[in-house]
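Peer 1: Protein chains in written order, with the working numbering: chain V, 11 to 132; chain B, 85 to 341.
The beta-carbon is built from N, C-alpha and C at its ideal position, and this holds for glycine as well.
Supplied in structure tokens, the structure appears directly below.
Put into structure tokens, the structure is as follows:
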């Protein structure tokens, strides 16, 4: 069975490119742009990994941190990658404190992301 | 899916779909006793999965709005079904608690669509811990006074606790599929099912085994003297038109009540 991934990002074109890239590499990929949508997916579907932007349109504060906490509490099998581009440094530190696997300070290329997911989800 | 917020699109015509799954009598030649209305979210979206749909609505603080929308769609769609066929509607306990006009709204909808309250079953579901109780009990009492029967969903899992049994005093105990599936080869599951049956008898309630998908599990729940069963082995969720066609062809047999 294919491993399932969740991409959470309000940038629809970025999410679509990541989805296409990772789908072509054998993953089943869901995308969410709203915090509540991502929370619902994370608690109702079993994901091997989640790649989440630190901030989402329409959500106050660092939504990515909320998702990392939710994953830790309710889906501890889900490996997490926080896309922390342009976030204050404290966000990355907080994400690590909450147990995220990887914090990326800059938006990765598709191949970088593919390699990273490959190491987290063998 | 990335893009616009999803909730506003749910109320658009055709966005949500209603399917009906027969609940059959184990002692009645597997005739359909009533049907459960099941909602599916917009095709091709994350919300097509009903669990995700309702969790999303709950997190948006719009569970009651979604429940209202779903019962309206279900009762409207069920107008095409034989009126004597019971209709079971899922309603969150939190909706009954928080939306004081929900019960009257449901009864008005039912009357407007020619369905007697005695042919309605409200299936209480809950995915959140309990809250205050006054509104919940008032709503249940109003439904019961009108003749609506109550079912408690997901017995044995989640928030369907002993307390909920006492609070709801249901006519139907719906046993979660987790306890049913694989029961033919698991004496512990059989013991749990048997204990729930025994408990239900004390409540003068009937027991529904959900998620029956194999002949072996069907034989087990029959041997355990459960009353009713539901699952893909017996009948898949289907549209009102498909269900009507099944009733005409004999593929689905209606017992009525």
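Is there a Cβ from chain V that is less than 8 Å from the Cβ of residue 95 (chain B)?
Peer 2: No, residue 95 (chain B) lies away from the interface with chain V (no Cβ there is under 8 Å from its Cβ).
Peer 1: Would the beta-carbon of residue 79 (chain V) fall within 8 Å of that of residue 139 (chain B)?
Peer 2: Against a cut-off of 8 Å, the Cβ pair of residue 139 (chain B) and residue 79 (chain V) comes out as no contact.
Peer 1: Given that residue 139 (chain B) touches chain V, what residues does it touch there, using C-beta distances under 7 Å?
Peer 2: Residues of chain V passing the Cβ test: 50, 53, 54.
Peer 1: What distance in whole Å lies between the Cβ atoms of residue 151 (chain B) and residue 179 (chain B), which are believed to be in contact at a cut-off of 8 Å?
Peer 2: Confirmed, about 4 Å.
Peer 1: By the three-class DSSP mapping on this structure, what secondary structure does residue 293 (chain B) have?
Peer 2: Reduced to three states, the DSSP call for residue 293 (chain B) is strand.
Peer 1: Between which two residues does the beta strand (DSSP E) harbouring residue 62 (chain V) extend?
Peer 2: Residue 62 (chain V) -> beta strand (DSSP E) spans 59–63.
Peer 1: Is residue 174 (chain B) close to chain V? Criterion is C-beta to C-beta, closer than 8 Å.
Peer 2: Chain V, which has no Cβ nearer than 8 Å to the Cβ of residue 174 (chain B), makes this no.
Peer 1: In whole angstroms, what separates the C-alpha of residue 113 (chain V) from that of residue 100 (chain V)?
Peer 2: Roughly 12 Å separates the two Cα atoms.
Peer 1: Just reading off the beta strand (DSSP E) that residue 336 (chain B) is part of, what are its end residues?
Peer 2: Looking at the DSSP string, residue 336 (chain B) is not in any beta strand (DSSP E), and its letter there is neither H nor E.
Peer 1: Ends of the alpha helix (DSSP H) at residue 125 (chain V)?
Peer 2: First-last of the alpha helix (DSSP H) with residue 125 (chain V): 120–130.
Peer 1: List the residues of chain V whose Cβ lies closer than 7 Å to the Cβ of residue 135 (chain B), in chain order.
Peer 2: In chain order: 54.
Peer 1: By DSSP, does residue 253 (chain B) sit in helix, in strand, or in coil?
Peer 2: If DSSP states are grouped into helix, strand and coil, residue 253 (chain B) belongs with coil.
Peer 1: Using a Cβ cut-off of 8 Å (strictly closer), state whether residue 127 (chain B) contacts chain V.
Peer 2: For residue 127 (chain B), the answer is no, since every Cβ of chain V falls outside 8 Å of its Cβ.
Peer 1: Is it true that the stretch 319–332 of chain B meets the stretch 303–310 of chain B, where meeting means three or more beta-carbon pairs spaced less than 8 Å apart?
Peer 2: The stretch 319–332 of chain B, when compared against the stretch 303–310 of chain B, does not touch it at the 8 Å Cβ threshold.
Peer 1: In three-state DSSP terms, what is residue 99 (chain B)?
Peer 2: Coil.
Peer 1: So, helix, strand or coil for residue 220 (chain B), using DSSP?
Peer 2: Residue state, collapsed to three classes: helix.
Peer 1: Comparing C-alpha positions only, which one of V:56, V:129, V:37, V:93 sits nearest to residue 24 (chain V)?
Peer 2: Out of V:56, V:129, V:37, V:93, V:93 has the C-alpha closest to the C-alpha of residue 24 (chain V).
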